[in-house]
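Here the structure comes first, spelled out in structure tokens, and everything after it is commentary.
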Amino acid sequence: MIRGKAWVYGDDVDTDVIIPGPYLRTKEVKELASHAMEGIDPDFAKKVRPGDVIVAGRNFGCGSSREQAPLALREAGVACVVARSFARIFYRNAINVGLPVVEANVTCRQGDEVAVDFSAGTVIVDGLTFRGTKLPDFLLVILQDGGLVAHRRREKKEKDGRL
């Protein structure tokens, strides 16, 4: 379970506002993080703190398939994105880079404390529990390992250790 401050956004937050195109040339994740959400919230990267949670409406991460979008959020300190729904490619990219995502229809205000239980698929705000979609166990393992690449490395290491 994670607990963090809520950053609240609406519907259709696209990858162009999560990490604007001009910053895609860099491979430095710290540089990407310094521009996270700049297209919709220019001060986000300066104010977000490790463990904070983005709470959004429908279709979060729509637009292009840029993997840098969830990577920038994760590196900026976002511990989880909770949204009513996600663009499919963003959802998968988030899992791949180790950024937890939970589909749930949550009502809260900017700055509220949010608690997210990934294994139960629940989000708690001000004593109210919002039920969402529980992540399948295999995705929880990938997230616990830090993303898909780290997960596959761990699997390979375990396999090689058994030979």
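This note's numbering runs 22 ahead of the 1-based position in the sequence shown.
All C-beta atoms, glycine included, are put in the ideal place defined by N, C-alpha and C.
Given the structure is predicted, the values throughout are model-derived calculations rather than measurements.
Cβ pair A28, V77 closer than 8 Å: Locating residue 28 in the sequence shown gives position 6, where the first residue counts as 1. Locating residue 77 in the sequence shown gives position 55, where the first residue counts as 1. A contact, by the Cβ cut-off of 8 Å.
Answer yes or no: do R80 and D38 have a C-beta to C-beta separation smaller than 8 Å? The residue given as residue 80 occupies position 58 in the sequence shown. The residue given as residue 38 occupies position 16 in the sequence shown. Against a cut-off of 8 Å, the Cβ pair of D38 and R80 comes out as no contact.
Can you tell which of K49, G120, V104, G133 has the C-alpha that lies nearest to the C-alpha of H173? By one-based count along the sequence shown, residue 173 stands at place 151. Each of K49, G120, V104, G133 was checked against the Cα of H173, and the nearest Cα belongs to G120.
I'd like the list of long-range same chain contacts for C130, defined as Cβ closer than 7 Å, with 5 residues on each side in sequence excluded. For this step, residue 130 is matched to residue 108 along the sequence shown. Sequence-distant partners of C130 (beyond 5 residues in either direction) whose C-beta falls short of 7 Å from its own C-beta, in its chain, are A28, V30, V77, V136, V147.
For A105, which residues from the same chain have a beta carbon less than 6 Å from its beta carbon, with the 5 sequence-adjacent residues on both sides left out? As a working mapping, residue 105 is identified with position 83 in the sequence shown. Closer than 6 Å at the Cβ level, and outside the excluded window around A105, lie A78, F82.
G168 to L162, Cα distance in whole Å? Position 146 of the sequence shown, counted from the start, is the residue given in the question as residue 168. Position 140 of the sequence shown, counted from the start, is the residue given in the question as residue 162. Whole-angstrom Cα-Cα distance: 10 Å.
Taking the straight line between their C-alpha atoms, what separation do you get for G85 and F112? Position 63 of the sequence shown, counting from 1, holds the residue named residue 85. Position 90 of the sequence shown, counting from 1, holds the residue named residue 112. C-alpha separation (whole angstroms): 9 Å.
Please list the segments of the alpha helix (DSSP H) lying wholly inside the segment 81-162, counting only runs of 4 or more residues, in order along the chain. Listed in chain order, they are 90-98, 110-119.
For the alpha helix (DSSP H) containing I41, list its first residue and its last residue. The residue given as residue 41 occupies position 19 in the sequence shown. Where I41 is concerned, there is no enclosing alpha helix (DSSP H), given that its DSSP letter is neither H nor E.
Pop quiz: A70 and G99 are said to be a contact at Cβ under 8 Å. What is the actual Cβ separation, rounded to whole angstroms? Counted from its first residue, the sequence shown places residue 70 at position 48. Counted from its first residue, the sequence shown places residue 99 at position 77. Going by the sequence as given, residue 70 is Val instead of Ala. The Cβ separation is near 5 Å, so the contact holds.
With DSSP as the reference, please indicate the residues paired to V77 in a beta bridge. As a first step, residue 77 is located in the sequence shown; it is residue number 55 there, counting from the start. V30, V104.
Taking the alpha-carbon of K68 as reference, which of A91, L95, L46, Q90 has the nearest alpha-carbon? Working through the sequence shown from its first residue, we reach residue 68 at position 46. Nearest of A91, L95, L46, Q90 to K68, Cα basis: L95.
What distance in whole Å lies between the Cβ atoms of P92 and A109, which are believed to be in contact at a cut-off of 8 Å? Counting from one through the sequence shown, the residue named residue 109 turns up at place 87. Counting from one through the sequence shown, the residue named residue 92 turns up at place 70. The pair is not a contact, with the Cβ atoms about 11 Å apart (cut-off 8 Å).
Exposure of P122, with buried meaning 16 or more beta-carbon neighbours within 10 Å: The count along the sequence shown starts at 1 and reaches residue 122 at position 100. The residue is buried, with at least 16 neighbouring Cβ atoms inside 10 Å.
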